[in-house]
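Please read the structure below before turning to the comments.
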Amino acid sequence: MAALGTVLCSCDRKQRFGIAYDESSHEERVAETTAVFAGGSEADGIEPFIDSFFTRMGRASRSEDEIDVFDFISVDAMLETAEDAGAFQGLNMVEKMNFRRGFRQGLAGVDQSIRQMGYDRHRIAKVEKPHENRRIVYVSLYDNELSITTQMRWWLVRTDDGWRAHDYEDLTVGLRTVGLIATLMKAGLGDKADPWIADFIPVVSSMQSIDLSDPEAMVTLRDPMIRLLEHDLPLDIRRFANTILASIRMMEGEVEQARELLEAAEKGGYDSPLADYQIGYMMMNREDWEEALASFEKHISIFGSDFDVLEAVSDCHYRLGHLELAREAALRGLDDNPQSVNCLASLVAASTPEQLGGAALAARFEASGNAAEAYETALDYLVSLDAMDHARVLFAACRGKFEDPELVEYYEETLAGDADATE
Numbered sequence: 024m025a026a027l028g029t030v031l032c033s034c035d036r037k038q039r040f041g042i043a044y045d046e047s048s049h050e051e052r053v054a055e056t057t058a059v060f061a062g063g064s065e066a067d068g069i070e071p072f073i074d075s076f077f078t079r080m081g082r083a084s085r086s087e088d089e090i091d092v093f094d095f096i097s098v099d100a101m102l103e104t105a106e107d108a109g110a111f112q113g114l115n116m117v118e119k120m121n122f123r124r125g126f127r128q129g130l131a132g133v134d135q136s137i138r139q140m141g142y143d144r145h146r147i148a149k150v151e152k153p154h155e156n157r158r159i160v161y162v163s164l165y166d167n168e169l170s171i172t173t174q175m176r177w178w179l180v181r182t183d184d185g186w187r188a189h190d191y192e193d194l195t196v197g198l199r200t201v202g203l204i205a206t207l208m209k210a211g212l213g214d215k216a217d218p219w220i221a222d223f224i225p226v227v228s229s230m231q232s233i234d235l236s237d238p239e240a241m242v243t244l245r246d247p248m249i250r251l252l253e254h255d256l257p258l259d260i261r262r263f264a265n266t267i268l269a270s271i272r273m274m275e276g277e278v279e280q281a282r283e284l285l286e287a288a289e290k291g292g293y294d295s296p297l298a299d300y301q302i303g304y305m306m307m308n309r310e311d312w313e314e315a316l317a318s319f320e321k322h323i324s325i326f327g328s329d330f331d332v333l334e335a336v337s338d339c340h341y342r343l344g345h346l347e348l349a350r351e352a353a354l355r356g357l358d359d360n361p362q363s364v365n366c367l368a369s370l371v372a373a374s375t376p377e378q379l380g381g382a383a384l385a386a387r388f389e390a391s392g393n394a395a396e397a398y399e400t401a402l403d404y405l406v407s408l409d410a411m412d413h414a415r416v417l418f419a420a421c422r423g424k425f426e427d428p429e430l431v432e433y434y435e436e437t438l439a440g441d442a443d444a445t446e
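Under my numbering, the first residue of the sequence shown is numbered 24, with each subsequent residue one higher.
Next comes the structure, spelled out in structure tokens:
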């Protein structure tokens, strides 16, 4: 969770940026997200420095080299934002100085946050210009490996070293960095910190150190999340913890428990922005394709139709026998992200034999960036669906793409063996 890594920062700058922190309610954030992302449009006339900022950060997030966080974050501007948000209320001068001193040193761990946020491409949906030297950027970040899209809002400021971020918010879970800093500091003031702080810090530390794409690693967060949710939490923290725990329950196959969590959250007034998305996958797990589609449509009405949710929509239509609708959703997903091998797999499943051998489909595979890997994924998906006739047609069209003779032999035997069994 990228927003969690910036709980520490520092400030030596004398001249202030003039930043004002404007907090919005959950309902206002949902309305803003809907207005920006639901139509699926892309911002016009994007200033080159904005596009360059996200391109560079995306490359850094995927690189094995050390990340210089100061290339992307202004400590001084972030501290000014936090101060305006009321993070330092109640601190005396010495406490403020000590906090500022430790701020810059604490940024050493933010490189891991950038890696956790790793993305392959981005789409800027909207840019606001509250001041000549500041921008607010709404952007979708695409992770091809995990087949997910994350909608975020970033606050950028022009510094002496160029444009840097001073705040950012993961709109899919509703956590804003500076708001989190202020909440933690206020909750930790006084003779005794709020009880939930002691159970929240281990969660943050764990999420910074584990591979969030690994289901086994994610499951290690289950008990800490359960303990955290036993406290009287700020709503943003409760939404975040509930969202993560619901995802973990789904990973463990405990679909009903996950559904109960989300229903209780809705009744309790702390429903997650991702609730409809999560419920959609729960319904797919239960093979309730109609209800899954209804949930995904609700999600799309807020976050738009990005490739990850369109893959799920395509698969639901396929299961219902709506092949044209399944094909249409998969193609829309590929228009959004041509490198989505999962959308390609969904597309071949919904295609006719004639379409499987056509030039248009071959061009889609070439656009994926790794045609051989995409064909392999699609073939394996067809085999898992027991769609062997489709798999044989596709294999005949793509066998020349595979350089590994053992892989070719595997598909020859798998598909020929099935053909023999059906004669």
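Even for Gly, the Cβ is constructed at its ideal location relative to N, Cα and C. Being a predicted model, the structure only gives us computed values, none of them experimental.
- Looking at 194, 178, 333, the one whose alpha-carbon comes closest to that of residue 158 is 178.
- In terms of Cα proximity to residue 380, the closest of 413, 188, 149 is 413.
- Under the three-pair Cβ rule at 8 Å, the stretch 347–357 does not count as touching the stretch 220–238.
- Under the three-pair Cβ rule at 8 Å, the stretch 107–125 does not count as touching the stretch 153–167.
- Where residue 211 is concerned, there is no enclosing beta strand (DSSP E), although the alpha helix (DSSP H) around it starts and stops at 200–211.
- Bridge pairing for residue 429: absent [DSSP].
- The alpha-carbon separation between residue 370 and residue 347 amounts to approximately 10 Å.
- Between the stretch 61–68 and the stretch 315–331 there are three or more inter-stretch CB-CB distances shorter than 8 Å, so the stretches are counted as touching.
- Residue 252 carries a helical assignment under DSSP once its states are collapsed to helix, strand and coil.
- Taking a contact as a CB-CB distance under 8 Å, the pair residue 305 and residue 278 counts as one, their CB atoms being some 5 Å apart.
- Burial state of residue 218 is exposed, judged by a 10 Å Cβ sphere holding fewer than 16 other Cβ atoms.
- The straight-line gap separating the alpha-carbon atoms of residue 319 and residue 166 is approximately 19 Å.
- If the five residues before and after residue 373 are omitted, its C-beta is found closer than 7 Å to the C-beta atoms of 337, 341, 346, 349, 350, 353, all from its own chain and listed in chain order.
- Beta-bridge partners assigned by DSSP to residue 164: 145, 173.
- Within the same chain, and ignoring the five residues on either side of residue 387 in sequence, the residues whose Cβ sits closer than 8 Å to its Cβ are 357, 361, 367, 370.
- The count of Cβ pairs closer than 8 Å, one atom from the stretch 228–240 and one from the stretch 288–307, stays below three, leaving the stretches out of contact.
- Contact between residue 204 and residue 244 does not hold, since the beta-carbon distance rounds to 21 Å and is not under 8 Å.
- Beta-bridge partners assigned by DSSP to residue 154: 157.
- In terms of Cα proximity to residue 411, the closest of 435, 265, 396 is 435.
- In this structure the stretch 185–205 does not lie against the stretch 387–396, because fewer than three pairs of beta carbons, one per stretch, are closer than 8 Å.
- Straight-line spacing of the CA atoms in residue 40 and residue 221 works out to 34 Å.
- Looking at the DSSP output, residue 179 shares a beta bridge with 158, 188.
- According to the DSSP secondary-structure assignment, residue 90 is paired through a beta bridge with no residue.
- Annotation for residue 119: 111 place their beta carbon closer than 6 Å to its own, counting only its chain and skipping 5 residues before and after.
- Here residue 96 is buried: its Cβ has 16 or more other Cβ atoms, across all protein chains shown, within 10 Å.
- The beta carbons of residue 85 and residue 143 sit about 7 Å from each other, so the pair counts as a contact at 8 Å.
- For residue 390 and residue 431, the gap between their C-alpha atoms comes out near 22 Å.
- Restricting attention to 113, 161, 115, 172, the CA atom closest to the CA of residue 141 is found in 172.
- For the set 291, 307, 269, 309, the Cα lying nearest the Cα of residue 246 is the one of 269.
- According to the DSSP assignment, residue 42 belongs to no alpha helix (DSSP H), since it is labelled neither H nor E.
- The three-state secondary structure of residue 73, taken from DSSP, is helix.
- Rounded to whole angstroms, the separation of the alpha carbons of residue 182 and residue 43 is 16 Å.
- Here DSSP, grouped into helix, strand and coil, assigns residue 220 to helix.
- Counting along the chain, the unbroken alpha helix (DSSP H) around residue 265 starts and ends at 258–274.
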